[in-house]
Amino acid sequence: MENRQILIDSLPEGKLAESNYKLVSSQVPAIKEGEVLCQTIAITIGAGTRAGLQGSASYAGAPKTGIVMNGTGVARIVDSQCDELSVDDLVVCQSGWQDFSVHKHTQVQKVSDDIDPGHHLGALGTNGLTAYFGLMKIGEPTAGDTVLVSAAAGSVGHMVGQMAKVYGCRTVGVSSSPEKCALLTTRLGYDESVSYLSPDFRAELKNACPDGIDIYFDNTGGDILGAALFRMNEQSRIACCGVVSQYDTSTPAGGPKGIPGLLINKRIRMQGFLVFDYLSEYEAARQQIKAWIDSGELNPLNDDFEGLEKAPAAFVDLLRGGNVGTRIVRVSN
Ligand SMILES: NC(=O)c1ccc[n+]([C@@H]2O[C@H](COP(=O)([O-])OP(=O)(O)OC[C@H]3O[C@@H](n4cnc5c(N)ncnc54)[C@H](OP(=O)(O)O)[C@@H]3O)[C@@H](O)[C@H]2O)c1
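Residues 232 to 564 in my numbering are what the sequence shown lists, from first letter to last.
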């Protein structure tokens, strides 16, 4: 058996390209006492890993070439040298973009086999938890609030909108093309949608939020944040989740106008967060998310690519807005 691996061959200059990656083949690694060998079933591609390649995610360290591209996967244990995990167990691990990976048993999380493995990477994985904690801890939604979400059709965004509806909020999603904006209201449960590509974006945002904005879940930063700031209500909250509008470039733009003046005058709370700030609350959050899926209040979408070799194309396409829901690359059955 071979272990196909996708390496970072060069760091992107400007936009990420498939040619920044290289597919190689190596031997399946052997394991030692206390370790497990995991065969990747699927990996998730998140926009935040582009910040890692840019060097702007301080928690990810400096970007490097010649290493397997990092990524979270769901995997089947195919060999075990520990008592805690057995062959055939399903786990979530930092598989990276490769067929096989070795981990200490403490570094993987055993998960249930009763749902699509993709959900362990989406709704019950980092992105579902990010949507949940950003909205609950920083947004603090109450019925009647107007909640604005950018990258609203994406992995985090499509779940934020649905979760806010559970709390009786009015939701407005921001996306790119007219087709994606239509999906926000027809398929993803948003009350209104606005395209940031429209030349009249600011006026359309104002029309979509006639009572102002109480919570802005910011996945993008950039001009969308700049426009949202001027529509925020007194005592409103901005959850700074990510800056995807500034990742796929070597020359990210500076922050928006109005800070700190608008924050002071309107007593706006603008707070960044990282999902792992809430590690100790993951299990309780997963139970709540699972309950919403079971009750039909949350309908998480996976957006699939087939084949490990397609991972670079899947990542480039995601940064261009090609995904609706969580991008999953299926690697093996
Ligand atoms: N704080 C945390 O702990 C944490 C954890 C996970 C993720 N995140 C952040 O959450 C955000 C969403 O990540 P995700 O993995 O769910 O990705 P995603 O939203 O599924 O995919 C990225 C989306 O960004 C949009 N986009 C791309 N370029 C844009 C631009 N110039 N302006 C506006 N929108 C643009 C595209 O949608 P359109 O078609 O709508 O443009 C694309 O589909 C990212 O900022 C990520 O860093 C934060």
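Every residue, glycine too, gets a C-beta built ideally from N, C-alpha and C.
With a cutoff of 6 Å, residue 412 does not count as near ligand 1, since its C-beta is closer than that to no heavy atom of the ligand. Taking C-beta separations shorter than 7 Å and ignoring five residues to either side along the sequence, the partners of residue 549 in its chain run 276, 278, 558, following chain order. Burial is judged here by how many other beta carbons sit within 10 angstroms of a residue's own beta carbon; residue 354 has at least 16 and is buried. Residues 251, 296 of the same chain have their beta carbon placed closer than 7 Å to that of residue 241, with the five preceding and five following residues left out of the count. The shortest CA-to-CA distance from residue 469 to any of 480, 455, 476, 301 is the one to 455. Taking all protein chains in view, the Cβ of residue 290 is surrounded by fewer than 16 other Cβ atoms within 10 Å, so the residue is classified as exposed. Between residue 309 and residue 327, the gap from beta carbon to beta carbon reaches 7 Å or more.
Under the three-state reduction of DSSP output, residue 395 falls in the helix class. If you draw a 10 Å sphere on the C-beta of residue 396, you find 16 or more other C-beta atoms in it, and that means buried.
For the stretch 266-290, the continuous alpha helix (DSSP H) assignments of 4+ residues that do not extend past its boundaries occur at 279-285, in sequence order. The beta carbons of residue 532 and residue 556 sit closer together than 7 Å. Taking the C-beta atoms as reference points, residue 264 is found no nearer than 7 Å to residue 335. Taking 8 Å as the upper bound for CB-CB distance, residue 493 and residue 499 are in contact here, some 6 Å apart. A check of alpha carbon separations from residue 519 across 403, 386, 362, 490 identifies 362 as the nearest.
When beta bridges are read from the DSSP output, residue 261 appears opposite no residue. When the five nearest sequence neighbours on each side are left out, the beta carbons in the same chain lying within less than 6 Å of the beta carbon of residue 376 are those of 400, 445, 446, in order along the chain. The alpha-carbon of residue 255 is positioned some 19 Å away from that of residue 547.
At least one heavy atom of ligand 1 lies closer than 6 Å to the C-beta of residue 277.
Per DSSP, residue 450 lies in no alpha helix (DSSP H) segment and is marked neither H nor E.
Annotated three-state conformation of residue 341 is strand, per DSSP.
By the criterion of at least three beta-carbon pairs nearer than 8 Å, the stretch 467-487 is not in contact with the stretch 402-420.
Closer than 6 Å to some heavy atom of ligand 1: that describes the Cβ of residue 554. Residue 388 has its CB nearer than 6 Å to a heavy atom of ligand 1. When DSSP states are grouped into helix, strand and coil, residue 561 belongs to the strand group. Nearest C-alpha to residue 403 among 273, 284, 382: 382.
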